[in-house]
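Written out below as structure tokens is the structure these notes cover.
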Amino acid sequence: MNAENLIKLVKSRLNKCADNKYREVHEKSIMVNAKKIIGARLPVINTLAAEVYREIQNLKIDEIFKLSDALISSGIYDVRKTGIEVILKAKKRFEKRHFVYVDRWVKEELEDWGDCDSLGNHLSAEFLFRFPELLPKILKWADSKKFIVRRAACVTFIVPGKKGMYLKEILGLSKKLMNDPHPLVLKGYGWALKEASKKHQKEVFDFVFVNRRIMPRTALRYAIEKMPEKLRKMAMGK
10 MNAENLIKLV KSRLNKCADN KYREVHEKSI MVNAKKIIGA RLPVINTLAA
60 EVYREIQNLK IDEIFKLSDA LISSGIYDVR KTGIEVILKA KKRFEKRHFV
110 YVDRWVKEEL EDWGDCDSLG NHLSAEFLFR FPELLPKILK WADSKKFIVR
160 RAACVTFIVP GKKGMYLKEI LGLSKKLMND PHPLVLKGYG WALKEASKKH
210 QKEVFDFVFV NRRIMPRTAL RYAIEKMPEK LRKMAMGK
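So for the sequence shown, the working numbering puts the first residue at 10; every next one is plus one.
Structure (structure tokens):
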């Protein structure tokens, strides 16, 4: 299967399952930054991704990346999400050199929180788990002028943070992006702090408490969401 035929197949399948009302809601209020949405629901995308991967799983990993790249670079939100789910199924075969794809997808293809979180929570996080020497490149995303790239830097640490990893980096990102102008970035680092607090409650609380007067409420509420009520009240105080 070549890339052109794969894109045609995926677009056709997604269009057949499109939900117009679902698409309209996403275009107007949920995925407002996505330029083109078909309107396929997530279970449809996941099922299709599994079918596509079954068809291509015996190819060399480089070929799987190329086909996934064609989907992710399609310019269509639903097709991009499908491509992300396809390549995730090959994660046991990832090599460090394949990170060039992830880096480019983050910088050039992501548009809104849905595709960003699928890639960050799972794909870039998987590379970080397996190749921790990639950490500086991921942290560099926080310097981008594009809000979605800055969010990708944050959400890459969601799963590692939940495991108690990279606390220093999560706190550093949060400090750096403290007053970011985009709400999705504020929610991104707030989410990372929340997950980190599950293993490092004291450290995260201390960070939030010290910065409570300058941390936007959007980020602060995310960060303290799972903390005891007493700590939440202290953090929300002036």
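Note that beta-carbon positions come from the ideal geometry of N, C-alpha and C, so glycine has one too.
Keep in mind it's a predicted model, so treat the numbers as computed, not measured.
Query: DSSP-derived helix/strand/coil call for F103; Result: coil
Query: Nearest-angstrom Cβ-Cβ length linking A27 and I54, presumed shorter than 8 Å; Result: Contact doesn't hold; Cβ gap of about 11 Å is too wide.
Query: A59 in three-state terms, based on DSSP; Result: helix
Query: Through-space distance from M40 to G123, alpha-carbon basis; Result: 7 Å
Query: Reduced DSSP secondary structure (H/G/I, E/B, other) of S82; Result: coil
Query: For R221, the first and last residue of its enclosing alpha helix (DSSP H); Result: Premise fails: R221 is in no alpha helix (DSSP H) and is neither H nor E.
Query: E238 in three-state terms, based on DSSP; Result: helix
Query: Under 9 Å between C-beta atoms of I85 and I73; Result: no
Query: Cβ contact (3+ pairs, closer than 8 Å) linking the stretch 171-184 and the stretch 67-82; Result: no
Query: CA nearest to the CA of R89, picked from E117, F108, V164 and K146; Result: E117
Query: Cutoff 6 Å; reference G197; Cβ partners in own chain excluding five residues on either side; Result: R160, C163 and V164
Query: Nearest-angstrom Cα separation, counted from G199 out to S82; Result: 29 Å
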